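Trainee: Numbering (our numbering), first residue to last: -6 to 298.
All C-beta atoms in this analysis are idealised placements derived from N, C-alpha and C, irrespective of residue type, glycine included.
If you're wondering where the values come from, they're calculated on a predicted model, not measured in any experiment.
Before I ask anything, here is the structure I am working with.
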C-alpha cells in the first residue's frame, strides 16, 4: 500500500468517526452538531461575515436568513457566488457551510452569499426551491444581473442549485454565468451503480441515511421530477458546469450520470474525480481540499473572463 493510499485510508477513518458524532437520530441535535463543526472549522480571520435578512416580496415568500462572506482585502465586486448548502435537505445551514463558503471566498476573491432555506421534514419539497428562487430574486433586486452570479452547492445544495437553474429555465428567465457542484446529489431514485459498489468504502453516506432524507424531503412525490432529481432534467441552453466528486463516495454515479446527461444536451461541462476522496471532502482542512477549491476558482475565473 503506497503512502498516499495509507494517508487517505487514515483520513477516511477519521472522517467516519467525525461523521458518527455529527449524524444523530434526533434531527435537531444533528443540526446543532453540524453548526458546531461549522463554527469550529469555518472560522477564518481573513473573511468578514455579514448577516442579512431577505424579506418577503410575494405572498408565498418567507423571511430568509442569509450571510455574505467577504474577503478582508480589496477584491472583485462585479461577480458573486450564490451558495446552496448541503445536508440532505433536512440539515445544514449557513454556519455549517462556512467550511466551504470561506474557502470559496478566499480562493476566488469574490463575495459569497449563502442562505438558510427551509428544511424537511418540517418543510418538504418544494419549500427549498421556492426559497432559492426568492434569494435569486433578491439578488436581481439588488441590481445584479443573472450573468453576474455563479451558482454553487454541495450534495443536496448541488441538487438545489440545479433545481433553481432548471426552474429559471422553465420560466424563460436569464440563467446564471455557471454552476459549481461538489458531490451533487442528482438522483433520488438511487439508480447509480455506485450506491452498491461504493457502499463499503464511503465514510460519510449510506443507503439508510439517504432513504431517511428522501422520506423527509420528497415523501409521496414523483422522484423523477427534475426539480427533485435534476438528473432527469433537460439542459439545452444551460451555462457551463463544473463538477467535483470523490472516487470513494456512493454518489459518484450521481455526478458521472449528470456529466453524461449534460454532454448529451450540449452543455459545456467538466468533471474531476478526486482519487481516494469522500463525499464533500472539500470541507476538510487539508491540502487536497484547498487544491479542489483552487480548481473551483480556476473554473470561475475562466467563465467570468
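Under 8 Å between the Cβ atoms of residue 128 and residue 57?
Mentor: yes
Trainee: Can you tell me which residues form a DSSP beta bridge with residue 144?
Mentor: 75, 172
Trainee: Leaving out the 5 sequence neighbours to the left and right, which residues in its chain are closer than 6 Å to residue 101 when beta-carbon positions are compared?
Mentor: 290, 293
Trainee: Which residues does DSSP pair with residue 61 in a beta bridge?
Mentor: 43, 106.
Trainee: Decide yes or no for the touch test of the region 155 to 172 against the region 218 to 225: beta carbon pairs closer than 8 Å, at least 3 of them.
Mentor: yes
Trainee: Here's the rule: buried if 16 or more other CB atoms are within 10 angstroms of the residue's CB, otherwise exposed. What is residue 146?
Mentor: buried
Trainee: Take the Cβ of residue 192 as the centre, count every other Cβ of all protein chains shown within 10 Å, and call the residue buried at 16 or more, exposed below.
Mentor: Residue 192 should be labelled exposed.
Trainee: If I'm right that residue 142 touches residue 134 with Cβ under 8 Å, what's the distance once you round it to whole angstroms?
Mentor: Contact flag wrong, Cβ pair sits at about 13 Å.
Trainee: So residue 202 is in the beta strand (DSSP E); what residue range does that whole segment cover?
Mentor: Taken as a continuous stretch (DSSP letters only), residue 202 belongs to no beta strand (DSSP E), being part of the alpha helix (DSSP H) at 200 to 211.
Trainee: At the level of alpha carbons, what is the spacing between residue 126 and residue 50?
Mentor: Pairing residue 126 with residue 50, the inter-Cα distance amounts to about 12 Å.
Trainee: Please confirm whether residue 175 and residue 81 have their CB atoms less than 8 Å apart.
Mentor: No. Outside cutoff.
Trainee: Excluding the five sequence neighbours on either side, which residues of its own chain have a C-beta within less than 6 Å of the C-beta of residue 43, listed in chain order?
Mentor: For residue 43, where only same-chain residues beyond five positions count, the Cβ hits under 6 Å are 61.
Trainee: Hey, could you find the ends of the alpha helix (DSSP H) residue 164 is sitting in?
Mentor: Where residue 164 is concerned, there is no enclosing alpha helix (DSSP H), given that its DSSP letter is neither H nor E.
Trainee: Using 10 angstroms around the beta-carbon of residue 233, count the other beta-carbons present and answer buried if the total reaches 16, otherwise exposed.
Mentor: buried
Trainee: Quick one: is residue 261 buried, meaning 16 or more other Cβ sit within 10 Å of its Cβ, or exposed?
Mentor: That one is exposed.
Trainee: Identify which residue in 242, 179, 172, 163 has its Cα closest to the Cα of residue 198.
Mentor: By alpha-carbon distance to residue 198, the top candidate from 242, 179, 172, 163 is 242.
Trainee: Taking all protein chains shown into account, do 16 or more other C-beta atoms lie within 10 angstroms of the C-beta of residue 302, making it buried, or fewer, making it exposed?
Mentor: In this structure the chain extends from -6 to 298, so residue 302 is not present and cannot be described.
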